[in-house]
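In the working numbering, the protein residues as written are 11 to 314.
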């Protein structure tokens, strides 16, 4: 059983900063973590997730981030390494390494590019859970993986004692959170990965919603905390006002067909005191025109 209180409500998938030569800036990621802590924007850090651009990184680079962040923050905040990979073999190796480094929980995305069947998805996650004795949060993000972890598949996977949670980011299936909750035991926890669906997720799941894995918390972790607390205390209208206020900014991070908002997120972060850093190719930095739009919204809602 996952002790969700240990990880808090705001799990920030910390960005991975890259230098001009496209190498990982390990010093800068520590600085970003320090800023998040100083501003009280995060309750936990997720390492090398989608916002962390894991899909552009080698296993060695990801492991070095695990090691770097464990050394810098292991005694101060909960850390959740993402150990998912396209191949089961690589996912097992990364998960095993996370266990060796002393992590208690890993996040593992569904296999991507190969578009496995539901039977193959179950087999993939089951093998990882059987081989490595560590708590696992599954990660469902069909827009990038090309496959959905169906509720019936989750029902089967949740029988594994160390598969304890799922991060759900199926944007076109907003009711799937409810379907996941119905398919799993009472102690199985669902995390929402969509910054635009915070209140909707809480309304569906109540105490079984562990929290939110939110890249936007790099910019507004304080408002996320306030919004969640308002909703849970019964002030739904005020919580809704905050969510509506943030929505235009979140939409602007995906302008011009940028499915992954991390490029513009990094540009926005540079405007509010984080180290300036690049996305890694094939993703490209935000253009001046894109950032003009983002900045205007940030000014309007008081983030700058």
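The beta-carbon is built from N, C-alpha and C at its ideal position, and this holds for glycine as well.
- Within a 10 Å sphere around the beta-carbon of residue 32 sit fewer than 16 other beta-carbons, which makes this residue exposed.
- Residue nearest to residue 239 within the set 11, 195, 18 and 79 is 18 (criterion: CA-CA distance).
- Of the residues assessed, residue 214 falls on the buried side of the cut-off, its CB having 16 or more other CB atoms within 10 angstroms.
- Residue range 145-150 is occupied by the beta strand (DSSP E) that includes residue 145, with no alpha helix (DSSP H) assigned at that position.
- Judged by DSSP secondary structure, residue 117 falls outside any alpha helix (DSSP H) and instead within the beta strand (DSSP E) spanning 115-119.
- Taking 8 Å as the cut-off, the Cβ atoms of residue 170 and residue 136 count as close.
- In its chain, beyond the 5 residues on either side, 76, 77 and 80 have a beta carbon closer than 7 Å to the beta carbon of residue 111.
- Put simply, the backbone Cα of residue 251 is about 11 Å away from that of residue 233.
- The beta-carbon distance between residue 86 and residue 47, rounded to whole angstroms, is 7 Å. This is short enough to meet the 8 Å contact definition.
- Here the segment 128-146 does not lie against the segment 188-207, with fewer than 3 beta-carbon pairs under 8 Å apart.
- Annotated three-state conformation of residue 175 is strand, per DSSP.
- With 16 or more other Cβ atoms inside 10 Å of its own Cβ, residue 51 counts as buried.
- Shown here, residue 87 sits in coil according to DSSP, grouped into three states, outside any helix or strand.
- Each residue's CA atom was taken as its position, placing residue 151 and residue 241 some 26 Å apart.
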